[in-house]
Amino acid sequence: MDTVSYQTLCVVNPRAANGRTRKAWKKIERTLASRHIKIDSQYTKSPGDATFITRQALQRGYNRIVSVGGDGTLNEVVNGFFDENQQPVNPESCLSFIPIGTGGDFARMFNLHRDIDSIIRLLTKPQIRPCDVVLAAYTGWNGMEERRFFINEADVGLGSATVYRVNNNSKALGGFLSFFLAFLYTIFTYRNLDLVIKVDGETKYEGKTGIIVVGNGSYFGGGVKVAPHARIDDGLLEIILAKDLKKRDLLANIVNMYKGTHLHHPLVERMVGHQVQILSEGDILFEMDGETPGHGNSVTFEIIPAAIKLLV
621 MDTVSYQTLC VVNPRAANGR TRKAWKKIER TLASRHIKID SQYTKSPGDA
671 TFITRQALQR GYNRIVSVGG DGTLNEVVNG FFDENQQPVN PESCLSFIPI
721 GTGGDFARMF NLHRDIDSII RLLTKPQIRP CDVVLAAYTG WNGMEERRFF
771 INEADVGLGS ATVYRVNNNS KALGGFLSFF LAFLYTIFTY RNLDLVIKVD
821 GETKYEGKTG IIVVGNGSYF GGGVKVAPHA RIDDGLLEII LAKDLKKRDL
871 LANIVNMYKG THLHHPLVER MVGHQVQILS EGDILFEMDG ETPGHGNSVT
921 FEIIPAAIKL LV
């Protein structure tokens, strides 16, 4: 693809990967400059900056935004493609991403790497792909109703408890070990939730739940292939429900979860749909794209087909 017409802004989270991204990106910038590959960069300073920077850049005329960081940075950038009313800022703009962060799970679907040759290929010879996004409606930490997009996955249960622990501890061990060790710890402290799951308005399950994952992408948790059949362009949510699994079942199936071969388990159910609502009488914590933006007794997810153009 001819990228001459693309005015590119790289939105960089220097604190991603436990602070290693700043140094890594400075080195990458020098190499790109030596190859005469023109980009602009802007660094985030606090949570929410990537959304604001992206939105402003698209309004100023940039038509390709590159997220540089982890899944949380990518989530903020994705939300910057839409205004406060969830409408596209620039429908012709494109999104790319360079996975220099703790998770990098969405990038796994495209076999993207962070070495300089892969980054140069991404910036100079990308392929365009339509991509669905998901709109979540939930209660934020401030007690107000909020709406936010995600591009990869969301979950309630064991996964969200694991992500909460990862995000509130050091990520110095890197993506895989940070998530894996937090997952092992959480298994022994977590209790299954009483949930009601509705898909496209119909109650599909009511009872004890270990985890429910709502996926646009396939991977979460630093490489767990939780939704192996997920596609980013089919206009469907991939729903993986693990019912009242015991700790021994989880431990016995860790390898299967990473391989994506866990769907055969009798307490694991796969569904697809356009909208998912998760209800609970008690307070539930959820995560999306590696962040925990809220809690409450209800969260709703709705697929928005072909909402973003990817350059990957």
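Our numbering numbers the first residue of the sequence shown as 621 and each following residue consecutively.
The beta carbon of each residue, even a glycine, is placed where N, CA and C say it ideally should be.
Item, Value
"Leaving out five residues before and five after Asn876 in sequence, what residues of the same chain have Cβ atoms less than 7 Å from its Cβ?", "His882"
"To the nearest angstrom, how far is the alpha carbon of Gln707 from that of Cys714?", "15 Å"
"Going along the chain, which unbroken runs of the alpha helix (DSSP H) with 4 or more residues stay wholly within the region 794-859?", "795-809"
"So does the region 908-921 actually touch the region 749-760, counting three or more Cβ pairs closer than 8 Å?", "yes"
"What first and last residue would you give for the beta strand (DSSP E) that runs through Phe717?", "714-719"
"How would you call Asp903, buried or exposed, if buried means at least 16 neighbouring beta carbons within 10 angstroms?", "exposed"
"How many angstroms separate the CA atom of Asn683 from the CA atom of Lys845?", "32 Å"
"Can you check whether the CB of Val697 is closer than 9 Å to the CB of Ala727?", "no"
"Look at the alpha carbon of Asp864 and the alpha carbon of Asp814, and state the distance between them as a whole number of angstroms.", "9 Å"
"What residue does the alpha helix (DSSP H) around Asn876 start on, and which one ends it?", "874-879"
"Only counting runs of 3 or more residues, tell me where the beta strand (DSSP E) segments fall wholly within the region 693-764, in order along the chain.", "714-719, 748-760"
"On the CB-based measure, 16 or more other CB atoms within 10 Å of its CB, does Ser954 come out buried or exposed?", "Absent from the structure is residue 954, since the part of the chain shown begins at 621 and ends at 932."
"Can you name the start and end residues of the alpha helix (DSSP H) that Asn772 belongs to?", "Counting along the chain, Asn772 falls outside any alpha helix (DSSP H), and DSSP gives it neither H nor E."
"Less than 9 Å between the C-beta atoms of Val932 and Phe717, yes or no?", "yes"
"Determine whether the beta carbon atoms of Asn772 and Tyr839 lie at a separation below 9 Å.", "yes"
"Apart from the five residues on each side of it in sequence, which residues of its chain come closer than 6 Å, Cβ to Cβ, to Phe769?", "Val698, Asn699, Val753, Leu755"
"With 16 as the cutoff for other CB atoms within 10 Å, does Glu901 come out buried or exposed?", "exposed"
"State the start and end residues of the unbroken beta strand (DSSP E) segment that holds Leu905.", "895-908"
"Any contact of the region 818-831 with the region 739-751, i.e. 3+ C-beta pairs under 8 Å?", "no"
"If you measure between the beta carbons of Met729 and Ile852, is that distance less than 9 Å?", "yes"
"Which of helix, strand or coil does DSSP assign to Gly779?", "helix"
"How is the beta strand (DSSP E) around Asp660 delimited, first residue to last?", "660-663"
"Just to confirm before moving on: does the CB-CB distance between Ile832 and Leu804 stay below 9 Å?", "no"
"Helix, strand or coil for Gln871? Go by DSSP, reduced to three states.", "Checking the sequence shown, residue 871 turns out to be Leu, not Gln. Leu871 falls in the helix class under three-state DSSP."
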